[in-house]
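Notes follow the structure.
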Ligand SMILES: Cc1cc2nc3c(=O)[nH]c(=O)nc-3n(C[C@H](O)[C@H](O)[C@H](O)COP(=O)(O)O)c2cc1C
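Residue numbers (my numbering): 55 to 271.
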């Protein structure tokens with residue numbers, strides 16, 4: 055893929071609900087560059103999200119330079135390995151589910167190869183009362199993930215970097231009143247979009263009154 059592709063047309067033919075049902079995290083990415091116009095297109099999808107009072111709190115920082123991606127990856131990798139260590143231990147149990155194991159392996163792969171992602175996109179937003187507003191950015195973030203699905207780009211919502219958020223935000227030029235809330239590595243996927251593993255909606259949907267919701271697993 056290169057800049058000659060028709061950016062305006064790409065992804066416009068994916069039916070909305072079919073796209074939603076087949077959007078999953080794609081963390082194994084090719085190293086080939088992604089046209090900047092396509093990153094602009096998925097960020098534009100983000101800007102069509104709803105926001106409180108239509109304040110549109112979002113800002114996007116797309117990192118593509120190798121040394122800048124390496125700097126970010128060098129911070130994400132140790133944090134992620136620390137976070138995933140208990141799951142790695144738990145996965146030694148043969149009873150650990152295959153889909154969980156695959157998900158974990160893909161997440162570890164991302165942590166070890168983050169510097170190779172063509173684009174590391176940060177979604178930041180204005181604080182309210184001095185607090186980051188993740189909830190205000192989530193609709194925009196989901197729109198970006200769906201737009202990536204539509205145009206065929208692999209993407210995954212991540213947040214582990216928040217443990218060193220201020221350090222990364224300073225590196226990205228983000229002021230204190232506009233912290234990053236999500237980091238989305240983006241690139242052409244090695245895998246395919248497909249229906250993700252989910253429990254049936256019938257286990258979650260109630261009419262008039264909820265009944266028998268299990269205690270947290
Ligand atoms: C708030 C939030 C934070 C997440 N943080 C990370 C992360 O730091 N690293 C990662 O690899 N995946 C992260 N994920 C992705 C989830 O692990 C993933 O969505 C989940 O395992 C389901 O897999 P699927 O998206 O392929 O269906 C995050 C997802 C959400 C919603």
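For glycine and all other residues, C-beta sits at the position ideal for the given N, C-alpha and C. The structure displayed is predicted, hence computed values, not measured ones.
Cβ shell of residue i (< 8 angstroms), same chain only, five flanking positions each side left out
| i | result |
| --- | --- |
| residue 55 | Bear in mind that a pLDDT of 49 at residue 55, under 50, signals an unreliable position, so the model cannot answer this. |
| residue 133 | 214, 215, 217 and 218 |
| residue 102 | 197 |
Inter-residue spacing [alpha-carbon to alpha-carbon] between residue i and residue j
| i | j | result |
| --- | --- | --- |
| residue 121 | residue 209 | 21 angstroms |
| residue 110 | residue 231 | 14 angstroms |
| residue 266 | residue 174 | 41 angstroms |
| residue 143 | residue 167 | 22 angstroms |
| residue 239 | residue 155 | 21 angstroms |
| residue 269 | residue 141 | 21 angstroms |
| residue 251 | residue 77 | 11 angstroms |
| residue 220 | residue 128 | 15 angstroms |
Assigned exposure category for residue i - 16 Cβ within 10 Å defines buried
| i | result |
| --- | --- |
| residue 114 | buried |
| residue 197 | buried |
| residue 260 | exposed |
| residue 83 | buried |
| residue 207 | buried |
Residue interval of the alpha helix (DSSP H) (run including residue i)
| i | result |
| --- | --- |
| residue 96 | 90-100 |
| residue 125 | 120-144 |
| residue 179 | Premise fails: residue 179 lies in the beta strand (DSSP E), 173-179, not in any alpha helix (DSSP H). |
| residue 205 | 188-205 |
| residue 162 | 152-167 |
| residue 13 | The requested residue 13 is not part of the displayed model; the chain covers only 55 to 271. |
Start and end residues, beta strand (DSSP E) containing residue i
| i | result |
| --- | --- |
| residue 235 | 234-241 |
| residue 116 | 112-117 |
- request: Please confirm if the stretch 181-191 is in contact with the stretch 56-76, defined as three or more CB-CB distances below 8 angstroms between the two stretches.
  value: Flag = no, the stretch 181-191 and the stretch 56-76 do not touch.
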